[in-house]
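Novice: Would you mind keeping the following structure in view while I ask a few things?
Below is the structure:
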């Protein structure tokens with residue numbers, strides 16, 4: 044799927060990014076490309092490779108997943124397979140520590156690729172982009 048279906052659309056997707064009036068929102072065509080590819084990946088079971096829990100994911104080891112991550116070599120491609128950061132890390136935290144309410148409200152839509160997540164950090168008097176400076 045990567046070489047046959049994603050790579051041919053990647054240039055068009057990034058051209059849309061370059062020409063977009065607002066760099067912080069997707070154009071209609073960007074959404075169309077991304078959601079169309081995500082639907083194909085989901086329908087083919089090419090979804091949530093990062094999740095090593097075999098009940099919900101593919102049961103891959105970290106090393107096995109690393110080979111797939113190498114093939115999903117761009118953020119665009121990782122999102123097609125629902126394997127992009129920060130979503131994967133946030134889903135892992137929700138899986139392990141989330142309450143049933145958190146899982147229903149946030150984890151299920153993340154696993155289904157219906158929503159995206161974020162990771163933010165801030166601390167007074169230090170560079171918030173540098174995690175080791177946090178106290």
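In our numbering, the protein residues as written are 44 to 178. Beta carbons: idealized from backbone N, C-alpha and C, even for Gly. In this text, all values refer to a predicted model and were calculated from it rather than measured experimentally.
1. What are the boundary residues of the alpha helix (DSSP H) that residue 133 is part of?
2. Would you grab the beta carbon distance between residue 126 and residue 92 for me? Rounded to a whole angstrom, and I think it's under 8 Å.
3. Using the C-alpha atoms, what's the distance from residue 144 back to residue 108?
4. According to DSSP, simplified to helix, strand and coil, what is residue 66?
5. Where does the unbroken alpha helix (DSSP H) through residue 119 begin, and where does it stop?
6. When we look at the beta-carbon of residue 89 and count the other beta-carbons within 10 Å, is it buried (16 or more) or exposed?
7. Would you give the residue range spanned by the alpha helix (DSSP H) that residue 158 belongs to?
8. Assuming residue 160 and residue 129 are in contact, meaning their beta carbons sit under 8 Å apart, how far apart are those beta carbons, in whole angstroms?
9. Ignore the nearest five residues each way along the sequence and tell me which others in residue 146's own chain have a CB closer than 7 Å to its CB.
10. What three-state label does DSSP hand residue 87 in the structure shown?
11. Give the range of the alpha helix (DSSP H) segment to which residue 94 is assigned.
Specialist: This is what the structure gives:
1. Taking the first residue of the chain shown as position 1, residue 133 is located at position 90. It spans 130-140 - the alpha helix (DSSP H) in which residue 133 sits, taken as one unbroken run.
2. By 1-based counting over the chain shown, the position of residue 126 is 83. By 1-based counting over the chain shown, the position of residue 92 is 49. Their Cβ separation, rounded to whole angstroms, is 5 Å, which keeps residue 126 and residue 92 in contact under 8 Å.
3. Position 65 of the chain shown, counted from the start, is the residue given in the question as residue 108. Position 101 of the chain shown, counted from the start, is the residue given in the question as residue 144. So the alpha carbons of these two residues sit roughly 29 Å apart.
4. For the purposes of this step, residue 66 is identified with residue 23 of the chain shown, where counting begins at 1. DSSP places residue 66 in coil when its eight states are reduced to three.
5. Working through the chain shown from its first residue, we reach residue 119 at position 76. Here the alpha helix (DSSP H) through residue 119 covers 118-123.
6. The sequence position of residue 89 within the chain shown is 46, counting from 1. Classification of residue 89: buried, given that the 10 Å Cβ count is 16 or more.
7. Start at 1 with the first residue of the chain shown, and residue 158 comes out as number 115. That residue, residue 158, is in no alpha helix (DSSP H); it is neither H nor E in DSSP.
8. The count along the chain shown starts at 1 and reaches residue 160 at position 117. The count along the chain shown starts at 1 and reaches residue 129 at position 86. Indeed, because the Cβ distance is near 6 Å, the residues count as touching under 8 Å.
9. Residue 146 sits at position 103 when you count from the first residue of the chain shown. Around residue 146: 137.
10. The count along the chain shown starts at 1 and reaches residue 87 at position 44. Reduced to three states, the DSSP call for residue 87 is coil.
11. Residue numbering aside, residue 94 sits at position 51 when the chain shown is read from its first letter. Note, residue 94: premise wrong, no alpha helix (DSSP H); not H, not E.
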